[in-house]
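Read through the structure below, which is laid out as structure tokens, and then see the notes.
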Amino acid sequence: MLIIPDTIHTLQRYLTLFVALITSSFLATEARSQTSLPSLDEVDMLMTNLTVQLEITSGIDAMYNFDFKVAEGQFNWLKSHYPEHPLPYFLLGLSQWWKIVPNIENTSFDKDFFVYMDSAIYFADRIYKKDKDNQEALFILAGTWAFEGRLNGERHNWAKATFAVRKALNYFDRLKGMPKTELTPELLYGDGLYNYYVEWIKENYKMLRTVLWMFDGGDKELGIEQLETCGKEAFYTRIEAMYYLMKVHSSNGGKMIRALQVSEYLYKKYPNNPYFQRYYARLLYYSGRYPQLHTVSKLLLERVDKGMFGYEEMSGRYAAFYLGAYYRDYLNDPEKANYYYLRAVKFVEDIGDYGSGYYHYSLAALARYAKRKEDWEKADLYYSKILTYAAGRKKLQEEAKKFRKDNKKRRKAARKKK
714 MLIIPDTIHT LQRYLTLFVA LITSSFLATE ARSQTSLPSL DEVDMLMTNL
764 TVQLEITSGI DAMYNFDFKV AEGQFNWLKS HYPEHPLPYF LLGLSQWWKI
814 VPNIENTSFD KDFFVYMDSA IYFADRIYKK DKDNQEALFI LAGTWAFEGR
864 LNGERHNWAK ATFAVRKALN YFDRLKGMPK TELTPELLYG DGLYNYYVEW
914 IKENYKMLRT VLWMFDGGDK ELGIEQLETC GKEAFYTRIE AMYYLMKVHS
964 SNGGKMIRAL QVSEYLYKKY PNNPYFQRYY ARLLYYSGRY PQLHTVSKLL
1014 LERVDKGMFG YEEMSGRYAA FYLGAYYRDY LNDPEKANYY YLRAVKFVED
1064 IGDYGSGYYH YSLAALARYA KRKEDWEKAD LYYSKILTYA AGRKKLQEEA
1114 KKFRKDNKKR RKAARKKK
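Okay, so the sequence shown: first residue is 714 according to the working numbering, each after it adds one.
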């Protein structure tokens, strides 16, 4: 059955069901030499072995905290111990994925991402062909295909995305029908995302309902409960579950207080993660917590200016916009606010994201400040950009058109005086 592109783009984004974000955790070469990792013959599943879990904990933290040099060093060390196991290749692929997350338009890590994920699929498939009930192989197959589906969807490779999503769902369905093991808490991540987003898509994308007939019905409340449980009990998918809880609770009908709690936890645990930092700033902004907003946004912008990895124009526009709001709405300092709104506009124009609401409302703030200063030329410039790029924002369009009309009368009156 043919699935329309928007369907894949939506489903692959929200049905990355089965992600085991796993990294190795050695911090010193000396410590590594003293560690005795189990052989594959000694364990049923490498992922659930306590020794392996102890060794990968700091690797998980390194990846989420954007210390990729440490994380990838550990992944490659793990690969040297298990060169024919899919786990280390999956980890290296996940490392590439998190390099993409802060700016999903960045394609420079795509090639390495697919190389590692394809390698993980190859080795996991070899295990699966020998043992159709191997949950570890199924788990990694589901996760790698889900991630490949998501990135292909982001790149508008619809045929590949469709294929990958179907593969992921098939492996996940196989897992759900198997007896409980140590991996069971991890599966709540996939169940939770599925239950929540299948219903969410039906509510928000009614045109897709006819396509969703092939999927079982979901339950949003149950999905949230499953993600909450996963966020407390899972080892590999705990942070990923919290990532989605942050997004779910901050959406319409969500619980903003809970979203803020989760976001604050993620930001404080991983203070160098640009995505967690800017999402926390976003929730502080919507919650009206301006003192905290200033602190977080100022640091965010400083890191952008320093060129720290992952802190690019995308993060810069958020930080500058929030600082503009802080100085305008909280400190009543329009001149300082104007500086930051100008920076927000510059960041957006540098990346060409003209449909961004941050761009439109920064332009509106600049236009109003220019009017206040009776700088009609600048006001006209900003309102012209609103008319060009903010076509879907009715109130801003009306404001810009009214200015144009009034400004025309003003110029006409000025000419008569001459």
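Where a beta carbon is used, it is the ideal one built from N, C-alpha and C, also for glycine. Predicted model only: the values in this text are computed from it and were never measured.
Going along the chain, which residues of its own chain have a beta-carbon closer than 6 Å to the beta-carbon of Tyr1072, five neighbours each way excluded? By one-based count along the sequence shown, residue 1072 stands at place 359. Excluding positions up to five away in sequence, the list reads Val1061.
Can you tell me whether Ser963 is buried or exposed, with buried defined as 16 or more other CB within 10 angstroms of its CB? Position 250 of the sequence shown holds residue 963. Only buried fits Ser963, as 16 or more other CB atoms lie within 10 angstroms of its CB.
Considering only residues of the same chain and omitting the five flanking positions on each side of Tyr1024, which have a CB-CB separation below 6 Å? One-based indexing of the sequence shown puts residue 1024 at position 311. Hits under 6 Å: Pro987, Arg1016, Val1017.
Checking 8 Å against the spacing of the C-beta atoms, do Tyr1067 and Tyr1102 come in under that value? In the sequence shown, counting from the first residue as 1, residue 1067 sits at position 354. In the sequence shown, counting from the first residue as 1, residue 1102 sits at position 389. In this structure, Tyr1102 lies closer than 8 Å to Tyr1067 by Cβ.
Verify whether the separation of the beta carbon atoms of Tyr983 and Tyr795 is less than 8 Å. Taking the sequence shown and counting its residues from 1, one reaches residue 983 at position 270. Taking the sequence shown and counting its residues from 1, one reaches residue 795 at position 82. The answer is no: Cβ separation not under 8 Å.
What is the rounded straight-line gap between the Cα of Leu888 and the Cα of Ser1000? Taking the sequence shown and counting its residues from 1, the one referred to as residue 888 is at position 175. Taking the sequence shown and counting its residues from 1, the one referred to as residue 1000 is at position 287. Going by the C-alpha atoms only, they are around 40 Å apart.
4 or more residues per run - each alpha helix (DSSP H) lying fully within the stretch 860 to 899: Qualifying alpha helix (DSSP H) stretches, in chain order: 871 to 889.
Looking at C-alpha atoms only, which residue of Ile773, Tyr884, Val765 is the closest neighbour of Arg951? Numbered from 1 along the sequence shown, position 238 holds the residue referred to as residue 951. Answer by Cα proximity: Ile773.
Smallest Cα separation from Glu818: which of Tyr1096, Met1027, Asp904? Position 105 of the sequence shown, counting from 1, holds the residue named residue 818. Distances from the alpha-carbon of Glu818 to those of Tyr1096, Met1027, Asp904 put Met1027 closest.
Where do the ends of the alpha helix (DSSP H) carrying Asp831 lie? As a working mapping, residue 831 is identified with position 118 in the sequence shown. Per DSSP, Asp831 belongs to the alpha helix (DSSP H) from 823 to 843.
My assumption, with CB atoms under 8 Å, is that Tyr910 sits in contact with Met959. Please give the rounded CB distance. As a working note, residue 910 is residue 197 in the sequence shown. As a working note, residue 959 is residue 246 in the sequence shown. The pair is not a contact, with the Cβ atoms about 15 Å apart (cut-off 8 Å).
Please go through the same chain and pick out, in chain order, the residues whose beta-carbon is closer than 7 Å to the beta-carbon of Arg995, but skip the five residues on each side of it. Stepping through the sequence shown from its first residue, residue 995 is reached at position 282. Correct list, in chain order: Tyr1031.
At the level of alpha carbons, what is the spacing between Tyr802 and Asp1042? By one-based count along the sequence shown, residue 802 stands at place 89. By one-based count along the sequence shown, residue 1042 stands at place 329. Roughly 49 Å between the two C-alpha positions.
Could you spell out the range, first to last residue, of the alpha helix (DSSP H) harbouring His1007? Start at 1 with the first residue of the sequence shown, and residue 1007 comes out as number 294. Counting along the chain, the alpha helix (DSSP H) containing His1007 begins and ends at 1003 to 1019.
Expected contact under 8 Å - CB spacing of Leu763 and Glu849 to nearest Å: Position 50 of the sequence shown, counted from the start, is the residue given in the question as residue 763. Position 136 of the sequence shown, counted from the start, is the residue given in the question as residue 849. That pair is no contact at about 15 Å.
Helix or strand or just coil, what does DSSP make of Pro796? Within the sequence shown, numbered from 1, the residue matching residue 796 stands at position 83. Three-state result, Pro796: coil.
Would you tell me roughly how many angstroms separate the C-alpha atoms of Tyr835 and Leu864, rounded to the nearest one? Taking the sequence shown and counting its residues from 1, the one referred to as residue 835 is at position 122. Taking the sequence shown and counting its residues from 1, the one referred to as residue 864 is at position 151. Cα to Cα, the separation comes out at about 19 Å.
Where the alpha helix (DSSP H) containing Gly1145 begins and where it ends: In this structure the chain extends from 714 to 1131, so residue 1145 is not present and cannot be described.
Is the beta carbon of Phe1116 closer than 8 Å to that of Ala1078? The residue you call residue 1078 lines up with position 365 of the sequence shown. The residue you call residue 1116 lines up with position 403 of the sequence shown. No; because the gap between Cβ atoms is not below 8 Å, this pair is not in contact.
Could you tell me the alpha carbon to alpha carbon distance between Ala1050 and Gln1005, rounded to whole angstroms? Within the sequence shown, residue 1050 is the residue found at index 337, counting from 1. Within the sequence shown, residue 1005 is the residue found at index 292, counting from 1. Looking at the two C-alpha atoms, the distance is approximately 17 Å.
Buried versus exposed call for Gly1065 [16 or more other C-beta atoms within 10 Å across all chains shown]: On the sequence shown, position 352 is the one that residue 1065 refers to. Exposed: under 16 other Cβ atoms inside 10 Å.
Ser749 vs Glu785 beta-carbon contact at 8 Å: For the purposes of this step, residue 749 is taken as the residue at position 36 of the sequence shown. For the purposes of this step, residue 785 is taken as the residue at position 72 of the sequence shown. No.
What distance in whole Å lies between the Cβ atoms of Leu1055 and Leu1036, which are believed to be in contact at a cut-off of 8 Å? What you label residue 1036 is simply residue 323 of the sequence shown in a count that begins at 1. What you label residue 1055 is simply residue 342 of the sequence shown in a count that begins at 1. With 8 Å as the limit, Leu1036 and Leu1055 do not qualify as a contact, their Cβ atoms being about 11 Å apart.
Measuring only the C-alpha atoms, how far is Glu768 from Asn789? Counted from its first residue, the sequence shown places residue 768 at position 55. Counted from its first residue, the sequence shown places residue 789 at position 76. Cα atoms of Glu768 and Asn789: separation of roughly 13 Å, rounded to the nearest angstrom.
Quick check on His869: buried or exposed, where buried means 16 or more other Cβ atoms within 10 Å of its Cβ? Taking the first residue of the sequence shown as position 1, residue 869 is located at position 156. The residue in question, His869, is exposed, as its Cβ has fewer than 16 Cβ neighbours within 10 Å.
Cα separation between Leu740 and Phe779? On the sequence shown, position 27 is the one that residue 740 refers to. On the sequence shown, position 66 is the one that residue 779 refers to. Caution applies to Leu740, whose pLDDT of 33 falls short of 50 and renders its modelled position unreliable; the value that the coordinates give is listed next. If you take the alpha carbons of Leu740 and Phe779, they lie about 15 Å apart.
Identify, in the order they occur along the chain, each residue of the same chain with its Cβ nearer than 7 Å to the Cβ of Pro815, setting aside the five sequence neighbours on each side. As a position in the sequence shown, residue 815 is number 102, starting the count at 1. Counting only Cβ-Cβ distances below 7 Å, and skipping sequence neighbours, we find Pro987, Tyr988, Gly1023, Glu1025, Met1027, Ser1028.
Around the Cβ of Leu791, are there at least 16 other Cβ atoms within 10 angstroms (buried) or fewer (exposed)? Residue 791 sits at position 78 when you count from the first residue of the sequence shown. Buried, since its Cβ has 16 or more Cβ neighbours within 10 Å.
With a threshold of 16 other CB atoms inside 10 Å of the CB of Met830, please say whether the residue is buried or exposed. To locate residue 830, count along the sequence shown from 1; it is residue 117. Classification for Met830: buried.
If you compare alpha carbons, which of Asp1046, Asn908, Ala1113 is closest to Leu1094? One-based indexing of the sequence shown puts residue 1094 at position 381. Of Asp1046, Asn908, Ala1113, the residue nearest in Cα terms is Ala1113.
So is Ile970 buried or exposed if we call it buried at 16+ other beta carbons inside 10 Å? Sequence index remark: in the sequence shown, residue 970 carries index 257 (1-based). Classification for Ile970: exposed.
I need the DSSP call for Gly905, collapsed to helix, strand or coil. Taking the sequence shown and counting its residues from 1, one reaches residue 905 at position 192. Gly905 sits in a helix when the DSSP states are folded into three classes.
Does DSSP put Gly967 in a helix, a strand or coil? The count along the sequence shown starts at 1 and reaches residue 967 at position 254. Secondary structure of Gly967 (DSSP, three-state): coil.
Nonlocal neighbours in the same chain, by C-beta distance under 7 Å from His798, ignoring five residues either side: For this step, residue 798 is matched to residue 85 along the sequence shown. Closer than 7 Å at the Cβ level, and outside the excluded window around His798, lie Leu753, Leu759, Phe836.
Buried or exposed, going by whether 16 or more other CB atoms sit within 10 Å of the CB of Lys1098? Against the sequence shown, residue 1098 aligns to sequence position 385. That one is buried.
Where does Leu1044 land, buried or exposed, given buried means 16+ other C-beta within 10 angstroms? Within the sequence shown, residue 1044 is the residue found at index 331, counting from 1. By the beta-carbon neighbour count (other beta carbons within 10 angstroms, threshold 16), Leu1044 is exposed.
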